[in-house]
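As structure tokens, the structure follows; a few thoughts come after it.
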Amino acid sequence: MGSISHVITTNPPFLHLPSTRSTALRFSRFNSGLPPLPPTRVAGKVGVFAEVSSPSSRTSAVDFSDPDWKTKFQQDWEARFRLPHLTDVFPDAPAIPSTFCLKMRTSIDRDFNGHYSSDEDWHGYINNNDRVLLKTIYYSSPTSAGAECIDPDCTWVEQWVHRAGPREKIYYKPEEVKAAIVTCGGLCPGLNDVIRQIVITLEIYGVKNIVGIPFGYRGFSDKELTEVPLSRKVVQNIHLSGGSLLGVSRGGPAVSDIVDSLEERGINMLFVLGGDGTHAGANAIHHECCKRQMKVSVIGVPKTIDNDILLMDKTFGFDTAVEEAQRAINSAYIEAHSAYHGIGVVKLMGRSSGFIAMQATLSSGQVDVCLIPEVPFNLHGPSGVLDHLKLLLETKGSAVVCVAEGAGQNLLQKTHATDASGNVVFGDIGVYIQQETKKYFKEIGIHADVKYIDPTYMIRAIRANASDGILCTVLGQNAVHGAFAGYSGITVGLCNTHYVYFPIPEVISHPRLVDPNSRMWHRCLTSTGQPDFI
């Protein structure tokens, strides 16, 4: 996908839980043996404003002169990516045969009455030792495009992560489960698809007590918001509409208050749909449950339309966003192409990462300039964007600009404001480019007809396309499989075309970024023909 998904991320976190309740939980990650690094933003969508060390490769902590460094690195990797399990807190927790067996499938309305049987001949279960290879490209040199190397020689080191799916043994009796689903942050295509599949899979296991928490983490504390009973009948057709059946919101109560609510409601499985900040909150909830010795599985499903979650091929909603962005780009192209000296400016989502703008540019074939947060640019000057637009008007007669919302923020006046999630409120780069373009061409005496399109909320609110629908379905199923397998504090994702489980801290240390030296970005530049704007 052409990203900077650092081969080596930070160490697992040491969570510091406050002894008193507060409106915001703050926690830190530390690199053992390394000097502290300045914090980078991980949005807290639960009143959890996470303070996380900036990503570092940790290669400085590896002694490459040690002939066994590779083995030690792999051992460290295995320890970091070990999945937290209920038996870490409850060593004697009994495992029972799985109630999920598609060969000996019975009605989902069956009553177990404490009797569990499994078909030993069904080979549809995942072994706990199954692994998926994280990286598949062997880079022979650090100078190769997009190279991600551990040591100066780019030595090949296998990095394995845990395969997702149903296990033969489970750690919950379905009749004793009360499962809850919560959707946090902003809207994203596919939310209803994930909700639907979680409910359906829970019922196949035999769970009958399933609820939705309305309006994100807020629903745990707002007394006016009541649980939404969920069943296959309720969710059967919700995937045909965009939005979220449960509603979304940013912010929320303190982690301790959320765990208090889980305890009061008797919830022992919590499925959290959200981005990096929401996952930071889910991880904190998991640790608080462990601290209180509560048998609760907290499972994340990564939801970010920006596609900026580490280590994953893509997150749900991204493909739909790229597809829908084509409509806006095509409209901008028609407006620009039909006008005398027309210029169309389209702003797409992407706070820290320019994946949507890059992929939409590549797929449309109608964009002349693509601007993303990872690649700085000048607007004015002989090497600036405006000078290039002038050349395009002279040679083509029109131009289309696609810009990610987080691009060029250094050109705008900082607001210093934050939203409920703790994210910095960005200035509108799209409007700024529109205004500066009009001003520039007026000053040099050249007519320019500038049109600006911002399809953000139109894209967020639509239903998932076929590709995302499949992704959401499998993510929802594997989230339930992970919970019944006894895991907690994990998230499910697509890695190297396979579905895997990650410990939450490994995917939230920093946003996944477009690598300006990746083949994908080079392909984008080849498509637009744009020069460097520095």
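Take any residue in the sequence shown, count from 1 to its spot, add 8: that is its number in the working numbering. C-beta: ideal position from N, C-alpha, C; glycine also. Bear in mind that the values here come from a model prediction, so they are computed numbers and not experimental data.
#1: Per DSSP, which residues does C378 bridge with? Please list them.
#2: Taking L199 as the reference, which of M302, G220 and Y179 has the closest Cα?
#3: Mind reading off the beta-carbon distance from Y180 to W164? Whole number of angstroms is fine, and I expect it under 8 angstroms.
#4: Around the Cβ of R37, are there at least 16 other Cβ atoms within 10 angstroms (buried) or fewer (exposed)?
#5: Is S305 helix, strand or coil by DSSP?
#6: I'd like to confirm the pairing. Which residues does DSSP put opposite R171 in its beta bridges?
#7: Using a threshold of 7 angstroms, state whether the C-beta atoms of Y213 and F98 are closer than that.
#8: Tell me whether L233, by its Cβ, gets closer than 6 angstroms to a heavy atom of the ligand GTP.
#9: Spatial neighbours of N486 within its chain, please: C-beta separation below 7 angstroms, excluding the five flanking residues on both sides.
#10: Y225 to G308, Cα distance in whole Å?
#11: Below 8 angstroms, how does it come out for the region 339–352 and the region 395–414: are there three or more Cβ pairs, yes or no?
#12: Leaving out the 5 sequence neighbours to the left and right, which residues in its chain are closer than 8 angstroms to I614 when beta-carbon positions are compared?
#13: In whole angstroms, what separates the C-alpha of H518 from that of L91?
#14: Shortest alpha-carbon distance to E413 belongs to which of D316, V354, N473 and E235?
#15: When the Cα of A290 is compared with those of R300, F279 and K299, which residue comes out closest?
#16: Buried or exposed: which applies to G490, given that a residue is buried once 16 or more other Cβ atoms fall within 10 Å of its Cβ?
#17: Taking just the CA atoms, how far does V242 sit from P513?
#18: At 3 residues or longer, and completely inside the region 239–327: list those beta strand (DSSP E) runs for me, N to C.
#19: Compute the Euclidean distance between the alpha carbons of G497 and E235, then round it to the nearest angstrom.
#20: Among L210, S371 and F326, which one has its Cα closest to the Cα of G484?
#21: Alpha carbon to alpha carbon, how far is L141 from C410? Give it in angstroms, no decimals.
#22: Use the C-beta contact count for L387: other C-beta atoms within 10 angstroms, 16 or more gives buried, fewer gives exposed.
#23: Drop a sphere of 10 angstroms on the beta-carbon of Q205, count the other beta-carbons inside from all chains shown, and report buried for 16 or more, exposed for fewer.
#24: I need the straight-line Cα distance from N137 to S361, nearest angstrom please.
#25: Taking the runs of the beta strand (DSSP E) that are 3 residues or longer, which of them lie wholly in the region 383–469?
#26: Pairs of beta-carbons, one from the region 525–539 and one from the region 374–388, closer than 8 angstroms: are there three or more?
#27: Would you check if there are 3 or more beta carbon pairs closer than 8 angstroms linking the region 424–442 to the region 455–464?
#28: Taking the straight line between their C-alpha atoms, what separation do you get for H93 and T312?
#29: Is K78 helix, strand or coil when you go by DSSP?
#30: So is G494 buried or exposed if we call it buried at 16+ other beta carbons inside 10 Å?
#31: When the Cα of V306 is compared with those of H247, A368 and A188, which residue comes out closest?
#32: Could you tell me the alpha carbon to alpha carbon distance between Y341 and A155, rounded to whole angstroms?
#33: From which residue to which residue does the beta strand (DSSP E) around C503 run?
#34: Got a sec? Which residues, its chain only, sit under 7 angstroms from S371 by beta carbon, not counting five neighbours each side?
#35: Note down, in chain order, each residue of its chain lying with its Cβ closer than 6 angstroms to the Cβ of I275, except the 5 sequence neighbours on either side.
#36: Please state if the CB of P222 and the CB of V255 are separated by a distance shorter than 7 angstroms.
In brief:
#1: C410
#2: G220
#3: About 40 angstroms; that fails the 8 angstroms criterion.
#4: Confidence at R37 is low in this model, with a pLDDT of 31, below 50, so its placement is unreliable and the value that follows should be read with caution. Buried.
#5: strand
#6: V508
#7: no
#8: With respect to small molecules bound, the structure shown includes none, and the ligand GTP cannot be examined in it.
#9: A172, G173, V500 and Y507
#10: 13 angstroms
#11: yes
#12: It is not possible to answer for residue 614, since the shown part of the chain is limited to 9 through 542.
#13: 20 angstroms
#14: V354
#15: F279
#16: buried
#17: 34 angstroms
#18: 277–282 and 305–310
#19: 23 angstroms
#20: L210
#21: 35 angstroms
#22: buried
#23: buried
#24: 34 angstroms
#25: 406–412 and 457–461
#26: yes
#27: yes
#28: 26 angstroms
#29: helix
#30: buried
#31: A188
#32: 35 angstroms
#33: I498 to C503
#34: V330 and Q334
#35: K186 and A188
#36: Per the sequence shown, residue 255 should be read as Gly rather than Val. For G255 and P222, yes; Cβs fall inside 7 angstroms.
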